[in-house]
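Numbering (the working numbering), first residue to last: 78 to 337. So the structure is just underneath, and the comments pick up after that.
Right, dumping it as C-alpha cells:
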C-alpha cells in the first residue's frame, strides 16, 4: 500500500535560497564551478543531486536547463529546446526503470506563483520511494479540445482539468516525435506568459507516464480557487473553444513563431 502524503523537512526548507522573492540572493546555479554531486552534463544542461532534499523518503535531483540565468523555456532556440526535453525524458525514464522507486516525478516551476524558489531555469526529477503518483491520475485528465496534431503528438486544452479552469496537455506516443512534443510544450508556456487573456507570470510543467504514453501538462498559476482548496471540485470555464481557436491562429496559422 502506497503512502498518501509526502513529508516535508522544514529544517532543510528554511535553508533554501530564494532568488524569486529575494533578488539580492546570488544565484547558486550560476556558480557552475561550485556545483557538486553532478550526475550528467550535456552542453549547458546539468543534472545534479538536490542540495536541499526537503522531501523525505525520496531521491531529489535538479536539472539546470541553461547557463543563462534570465533564460526561459518559452524562448529557447529549437535546438536547445529539443536537447533539453530529450535530456530530461532520458533521465526521468532511466530513474523509473531502475526499480528503486514507487514512482518518479518530473516537473518544472516558473514564476512567483509556481511554488518555486530559484529563478534560474530548472526542472526537478524526484524519485518517490513510498508513493505512486499514478494512483491519482486518470486518462480523462489529458482529454480536451484539439489545438494541434502533428505526427503522434497531440496538443489539447483540457475539458476535465485536474485543478480547474485552463490546463494544456501534450501527448507523446512516439520517442521520434520529441521535437513536436517540445514545440507544443513551448507554445503553451509562451501563450501563458505572453498572450493569456488574464495576465500571468507563472506556470507549472508536469510530465506523466500513463500506460505506454507520455504526457505533459502545462498549467498557468494564479491564486487557487477556494472551491478546489476546500472541496476538491475543479471548475471548467465556458470559453475553452475561444481559447483553442486563439492559440490556433496565433501559433499554427503560419503567421507567428514562438521563437524569435
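A virtual CB, placed ideally from N, CA and C, is assigned to each residue, including glycine.
query                                                                                                                                                                                    : result
Please name the residue, chosen from 87, 139, 135, 293, that lies closest to residue 178 on a Cα-to-Cα basis.                                                                            : 135
In its own chain, which residues sit with a C-beta less than 7 Å from the C-beta of residue 354, not counting the 5 before and 5 after it?                                               : Residue coverage of the chain in this structure runs from 78 to 337, which leaves residue 354 outside it and unanswerable.
If residue 104 sits next to residue 197, beta carbons under 8 Å apart, how far is it from one beta carbon to the other, in whole angstroms?                                              : 5 Å
Near residue 137, what residues of its chain come up, given a Cβ to Cβ distance below 6 Å and the 5 sequence neighbours on each side ignored?                                            : 127, 130, 203
Evaluate contact between the stretch 280 to 288 and the stretch 304 to 315, counting only Cβ atoms and requiring at least three cross-stretch pairs below 8 Å.                           : no
Of the choices 113, 180, 166, 241, whose alpha-carbon is the least far from that of residue 205?                                                                                         : 180
If you reduce the DSSP assignment to three classes, tell me which class residue 163 lands in.                                                                                            : helix
Name the DSSP beta bridge partners of residue 297, please?                                                                                                                               : 280
Tell me whether residue 231 is buried or exposed, calling it buried when 16 or more other Cβ atoms sit within 10 Å of its Cβ.                                                            : buried
Might you give, ordered along the chain, the residues of its own chain that have their beta carbon closer than 8 Å to the beta carbon of residue 85, omitting 5 neighbours on each side? : 131, 132, 133
Thinking C-beta only, is residue 191 closer than 8 Å to residue 109?                                                                                                                     : no
Would you list the residues sitting across from residue 247 in a DSSP beta bridge?                                                                                                       : 232, 293
Which term fits residue 154, buried or exposed, when burial requires 16 or more other beta carbons within 10 angstroms of its beta carbon?                                               : exposed
When DSSP labels each residue in this structure, what does residue 337 get in the three-state scheme?                                                                                    : In this predicted model, residue 337 has a pLDDT of only 41, less than 50, meaning its place in the structure is not dependable; the value taken from the coordinates is given anyway. In the structure shown, residue 337 sits in coil (DSSP, three-state: anything other than H, G, I, E or B).
Please say whether residue 195 and residue 97 have beta carbons closer to each other than 8 Å?                                                                                           : yes
Is residue 199 helix, strand or coil by DSSP?                                                                                                                                            : strand
List the whole-angstrom C-beta distance separating residue 258 from residue 295, where the pair is believed to meet the contact cut-off of C-beta under 8 Å.                             : Actually they are not in contact, since the Cβ atoms of residue 258 and residue 295 sit about 12 Å apart, beyond 8 Å.
What did DSSP end up calling residue 237 once you bin it into helix, strand or coil?                                                                                                     : coil
Would you tell me roughly how many angstroms separate the C-alpha atoms of residue 291 and residue 250, rounded to the nearest one?                                                      : 6 Å
Provide the residue span of the beta strand (DSSP E) that contains residue 138, from first to last.                                                                                      : 135 to 141
Is it right to say residue 139 is buried, meaning 16 or more other beta carbons lie within 10 angstroms of its own, or is it exposed?                                                    : buried
Alpha carbon to alpha carbon, how far is residue 210 from residue 170? Give it in angstroms, no decimals.                                                                                : 15 Å
Taking 7 Å as the limit between beta carbons, can you name the residues of its chain near residue 329, skipping five residues before and five after?                                     : 225
Please report the straight-line C-alpha distance between residue 107 and residue 315, rounded to a whole angstrom.                                                                       : 43 Å
Let's see if you can read the secondary structure: which residues bound the beta strand (DSSP E) around residue 131?                                                                     : Taken as a continuous stretch (DSSP letters only), residue 131 belongs to no beta strand (DSSP E), as it is neither H nor E.
CA-CA distance, residue 215 and residue 150?                                                                                                                                             : 27 Å
According to DSSP, is residue 272 helix, strand or coil?                                                                                                                                 : coil
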